[in-house]
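Residue numbers (the numbering used here), protein chains in the order written: chain A, 6 to 360; chain B, 6 to 360; chain C, 6 to 360; chain D, 6 to 360. Don't be surprised by glycine CBs; every beta carbon is placed ideally from N, CA and C.
The following block contains the structure:
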């Protein structure tokens with residue numbers, strides 16, 4: 006119940022602090038007898054890791070995943086895949102200044118009060134480093150889904166107030182064309198300039214990630230509490246810095262009437278529009294699944310702010326070390342990983358709906 | 006795994022179709038030895054039921070909850086509370102026209118393909134009638150939370166494009182002052198006029214519900230996948246017609262810089278601002294929890310639309326029977342119920358964090 | 006976590022006290038589109054109910070199950086099956102003498118200390134009446150399993166020290182030939198005489214139930230913690246009055262050497278012997294599953310014993326009302342029900358082992 | 006649902022094959038702010054490891070646990086404890102002869118059919134090596150339980166037909182006095198001689214482990230499906246080679262009448278006898294918890310037996326490598342570990358029973 010696991014049939018459990026020996030996890034319920042491409046998994050991790058471009062933090066963690074079990078002769082055995090990622094580039098001294106301080110809008114204060122004891126080095130368990138483990142499991146799920154025709158298009162659609170005004174399925178090469186992972190070249194240029202500007206200010210900025218998933222079979226999702234979009238929402242909101250989630254028309258549905266918003270059927274079972282975002286009654290209808298995730302500006306800024314220390318005094322605090330001014334580009338593989346885990350989990354659940 | 010349960014320690018499981026004999030459920034993990042006010046529970050159900058006002062559907066279902074177990078001499082025994090609500094006002098004939106038709110943006114199509122068989126009467130399991138059971142469980146949770154100082158303020162903050170532009174903790178009497186459950190009297194008047202207009206058109210309209218929760222102890226929520234706002238998000242997105250969820254600053258955080266968005270501490274451990282929405286690192290920090298939920302315009306409209314039937318033909322379809330042009334006023338107790346269940350569940354989980 | 010649910014994919018949750026309004030439950034994860042024989046379900050309940058024969062308690066509860074949801078036009082819809090069984094023959098006054106007394110080897114003392122409040126009438130939630138709900142769910146599971154070729158043979162193999170010395174698959178008619186449900190006619194006669202004797206003494210006696218299941222596909226069960234026999238063991242040990250469980254050779258394996266105990270293969274994949282009880286490494290191997298369950302003599306006896314009351318005084322106590330001197334005959338359908346739920350659950354789980 | 010996790014609040018998840026890179030696991034729900042004695046944990050592992058004495062397999066695996074997370078400055082942080090144990094002494098060539106062969110009464114056949122692919126080296130996931138991870142988690146649980154006064158006495162009470170005829174709480178030093186871990190010196194001598202004899206024959210022998218737990222608070226266990234002894238039974242039956250479980254009087258209750266078997270109360274709330282084994286109605290009553298576990302003779306024998314290969318041929322097969330003639334001495338810490346996990350889990354659950 007301590008919440009370090011995600012999924013029901015395909016289940017990831019993770020452990021690890023950002024400055025401990027290693028982070029890692031295990032995936033239980035991995036379908037057996039599937040040939041895994043381990044290089045593709047590492048490639049996903051590389052998309053998430055710090056130091057890929059000038060846009061992101063200059064830390065150059067290798068984030069090399071080591072698989073310890075569950076794979077034999079290149080194929081899954083059906084037993085748990087255990088894995089670790091060593092924390093090779095750990096400089097705990099970087100974080101000594103955090104020992105007695107509660108940084109604003111970080112988890113220092115809440116962890117201290119919840120547990121009575123915390124690993125303050127680099128955020129410990131609250132560090133977004135934990136999401137590397139999600140990327141590993143998501144990459145496994147994605148390979149399996151691709152083998153049954155499911156495809157993902159996940160990209161940065163907004164940075165600050167610079168926003169794309171369409172949402173389409175873009176190819177991976179279009180997305181990867183720029184380090185900001187926005188497939189609209191013109192917007193990408195603006196976004197990069199904006200991030201650079203914010204970085205110069207020692208500040209940070211948020212944005213939105215758009216995810217579109219095609220080829221999802223009809224019937225995934227459960228009707229009441231475990232609606233497909235409810236689970237997608239939880240998956241996304243569990244990612245560090247996420248403040249909002251919307252499926253299909255989302256908040257923009259508030260400006261529409263029912264007669265406009267209804268997705269009228271075509272004779273082939275598809276719908277003319279897709280305001281539903283591919284999900285009706287909590288269950289996939291075969292249309293593209295489409296959702297959007299809002300990331301706040303990250304809390305660590307290179308400006309001095311007053312904050313509270315553990316003795317109850319107000320003290321000046323300024324971030325140091327290596328931090329992203331905008332995490333959105335690195336958030337893309339994390340969003341996609343969580344989405345893949347959710348879809349595969351419901352795919353497996355759906356196999357049990359009839360005898 | 007079929008998703009008819011919600012919660013981990015305080016767990017609601019529900020059953021029932023809108024036109025079967027009854028809907029009902031059971032709550033497992035109810036803290037023992039607590040004096041329940043059964044009248045207050047029924048009162049919450051009355052806030053959700055159809056036919057309360059001219060704004061909502063003219064059906065006058067009684068929605069009388071009958072408790073079957075788990076309460077003895079007025080107090081919870083710690084064993085499951087089983088309950089049913091009879092479907093007294095069932096006119097299945099109202100729904101014969103639905104037998105062969107897949108209504109647009111309803112769950113008819115997806116249920117048929119998922120299960121190979123469905124109860125087409127009134128939406129069956131996909132009917133929002135199921136949420137009555139959530140209100141029962143939420144009312145139990147709310148009483149327990151109130152006994153430890155937690156208070157809820159849940160109201161309609163937007164109907165169509167008519168939106169309040171502040172969010173505050175309003176009292177129940179302010180909220181209940183109008184049938185639309187918007188505590189801003191001027192906005193409420195506009196909203197009611199708008200709903201009436203939409204109703205005349207045979208159309209429907211969506212809106213947003215704001216929920217603010219005070220008195221939540223520091224430390225609720227789990228750090229990684231089961232972040233408090235992730236679970237709140239899932240809870241809300243599992244409610245029929247919900248398309249979006251945001252916590253604290255939500256999507257509006259995209260227009261802010263980190264230096265602006267950070268909630269700077271006061272010496273007393275509170276924060277000057279509350280863009281975090283009372284949750285940092287997935288864990289409550291003692292500030293008010295504050296989130297917003299988007300409801301699309303409901304799919305049933307009293308206008309003729311073309312749709313698909315089970316033989317693959319396009320046929321004209323027009324809603325009939327008793328439906329809400331705007332479900333927002335009735336959504337208020339449902340949102341509050343789900344929120345109460347989530348908070349109580351995490352409260353119980355937190356009791357196990359230290360030995 | 007309060008433990009009122011059983012199963013993972015095919016999941017029964019139950020509620021109800023023996024002297025409340027009703028007991029009941031819901032089954033989630035019921036495979037859809039399956040034609041259920043409701044009369045056969047009621048028939049299983051009739052096998053469990055009190056007052057079937059002179060051997061068992063003279064209470065003649067009807068134990069009529071009412072289905073409230075999840076079945077439409079005779080077929081399962083895939084949504085939860087909710088059901089209740091009214092407590093029609095409740096005479097709470099029968100139990101007033103229990104209000105202040107902790108009966109020996111009953112749950113009165115432990116419930117009082119665990120919950121701080123209890124429904125003392127007839128044992129409340131600790132009454133074996135709860136098992137009626139298990140029989141309902143088990144009967145559903147059994148029908149589904151029968152459709153794929155799984156067959157059950159469950160019978161009384163021992164009463165007191167009167168024990169059959171073989172274990173075979175007996176037909177239902179052989180088992181039901183006598184009220185004691187022992188398929189060996191000579192043993193059955195001795196058992197019935199012994200139970201009658203014990204009843205005259207106002208005492209009680211235990212015994213053993215043997216269960217043999219054929220047609221179980223190879224591959225059911227999970228390798229580590231959720232071994233098939235581990236889950237069967239939990240299922241059986243969760244039945245009131247059960248004190249022991251053994252699979253295959255069980256405790257008698259202690260007298261054997263490995264070279265004798267090994268089940269040597271035949272060329273067809275079957276084994277010459279079946280000391281493994283149809284399960285190797287926690288996973289079914291296609292041989293009959295075979296286990297034995299020990300029931301202690303029930304605690305209620307019609308003799309005076311000293312016991313403790315809630316004020317800490319020792320007081321004389323004598324059982325009254327309607328009780329079985331030997332519950333074994335009625336335990337047969339309960340054991341079979343739990344076994345069927347376990348097997349079906351693992352059958353569904355196994356559908357997700359490969360993509 | 007693949008069953009690699011155990012527990013609800015205090016939850017162990019394990020991964021790893023006997024001849025992969027490492028085995029390992031993570032414990033979620035570890036109570037925070039507790040000072041762990043890491044040396045004591047390693048000591049428990051040493052009690053389980055092969056090669057401790059001439060009685061057990063000559064393999065001298067070091068079984069050194071490495072903790073990767075969840076412990077900071079000597080104290081638990083409340084976040085998951087991840088750990089690995091490297092497979093240092095792996096000689097996979099030892100197992101090449103197993104590639105195409107289904108050993109009798111092993112999991113080779115069932116794994117192959119369940120998964121379609123298996124790691125045949127040394128039993129892979131079905132190897133008892135997996136239990137080392139249980140010992141780690143159990144040692145953590147035991148330390149926490151000891152801090153609240155719970156004590157364990159776990160020992161070998163039977164080897165083959167050589168059985169102690171009493172059951173008492175023995176001290177650790179009495180148990181560890183001989184390598185066979187039977188606290189009755191005279192019995193221990195006979196057992197060791199018998200094991201030696203069996204080993205000379207190239208055969209194997211089973212036995213029983215007795216576990217007695219004192220200081221368990223009243224109220225642990227849940228009333229219906231998750232009875233304390235049901236969960237203990239599952240925990241024990243999930244250990245490799247276990248064929249039977251009994252609580253308190255167990256199978257011997259079949260020879261008793263209710264009037265004899267009832268545990269009559271004393272004025273202090275204790276009972277004169279303890280046939281219930283410390284559990285009534287599934288809930289601990291404060292008396293010692295007492296159960297017995299039957300281990301079959303292990304399947305690997307150094308004698309030639311005919312068996313099946315994957316091509317469907319019968320072939321001669323003889324075990325080789327390093328195996329225990331009797332696993333009972335090494336089973337002691339495993340039984341104790343599983344028991345400790347169960348008790349701590351229910352202890353945490355009980356903290357949520359009242360508000």
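Using a threshold of 7 angstroms, state whether the C-beta atoms of residue i and residue j are closer than that.
i: residue 219 (chain B); j: residue 275 (chain B); result: no
i: residue 167 (chain C); j: residue 195 (chain C); result: yes
i: residue 18 (chain A); j: residue 80 (chain A); result: no
i: residue 340 (chain D); j: residue 303 (chain D); result: no
i: residue 127 (chain A); j: residue 191 (chain A); result: no
i: residue 370 (chain B); j: residue 237 (chain B); result: Because chain B is modelled from 6 through 360, residue 370 (chain B) falls outside the range shown and cannot be assessed.
i: residue 29 (chain B); j: residue 21 (chain B); result: yes
Taking the C-alpha atoms as reference points, what is the distance between residue i and residue j?
i: residue 332 (chain D); j: residue 123 (chain D); result: 25 angstroms
i: residue 159 (chain C); j: residue 255 (chain B); result: 59 angstroms
i: residue 309 (chain C); j: residue 322 (chain C); result: 5 angstroms
i: residue 104 (chain A); j: residue 84 (chain D); result: 18 angstroms
i: residue 55 (chain D); j: residue 217 (chain A); result: 53 angstroms
i: residue 317 (chain D); j: residue 76 (chain A); result: 26 angstroms
i: residue 182 (chain D); j: residue 165 (chain D); result: 20 angstroms
i: residue 280 (chain D); j: residue 268 (chain D); result: 6 angstroms
i: residue 178 (chain B); j: residue 259 (chain A); result: 26 angstroms
i: residue 139 (chain D); j: residue 91 (chain D); result: 15 angstroms
i: residue 353 (chain B); j: residue 69 (chain D); result: 36 angstroms
i: residue 348 (chain C); j: residue 38 (chain B); result: 37 angstroms
i: residue 361 (chain C); j: residue 305 (chain C); result: Lying outside 6 to 360, the shown extent of chain C, residue 361 (chain C) is not represented and no answer is given.
Where do the N-terminal and C-terminal ends of the beta strand (DSSP E) with residue i fall, by residue?
i: residue 27 (chain B); result: 27-33
i: residue 244 (chain D); result: It is not in any beta strand (DSSP E) - residue 244 (chain D) carries neither H nor E in the DSSP assignment.
i: residue 20 (chain D); result: 16-20
i: residue 212 (chain C); result: 212-219
Give the C-beta separation of residue i and residue j to the nearest angstrom, bearing in mind that I take them to be a contact with Cβ-Cβ under 8 angstroms.
i: residue 312 (chain C); j: residue 107 (chain C); result: 6 angstroms
i: residue 252 (chain A); j: residue 248 (chain B); result: 6 angstroms
i: residue 53 (chain A); j: residue 136 (chain A); result: 7 angstroms
i: residue 235 (chain D); j: residue 239 (chain C); result: 5 angstroms
Would you mind reading off the limits of the alpha helix (DSSP H) that contains residue i?
i: residue 202 (chain C); result: 190-205
i: residue 338 (chain D); result: 333-355
i: residue 151 (chain B); result: 136-152
i: residue 313 (chain D); result: Premise fails: residue 313 (chain D) lies in the beta strand (DSSP E), 309-314, not in any alpha helix (DSSP H).
i: residue 263 (chain C); result: 263-266
With 8 angstroms as the C-beta to C-beta threshold (strictly closer), list the residues of the region 35-47 of chain B near chain D in chain order.
36, 37, 38 and 39
When Cβ atoms are compared, which residues of the region 239-253 of chain B fall closer than 7 angstroms to chain A?
239, 242, 243, 248, 249, 250, 251, 252 and 253
Selection of the region 334-354 of chain C by Cβ proximity to chain A, strictly under 8 angstroms:
353 and 354
Against chain B, which members of the region 140-152 of chain D pass a CB distance test of less than 9 angstroms?
149 and 152
Output needed in chain order: residues of the region 297-316 of chain D with a Cβ under 7 angstroms from some Cβ in chain C.
299, 301, 302, 303, 304, 306, 308, 310, 311, 312 and 313
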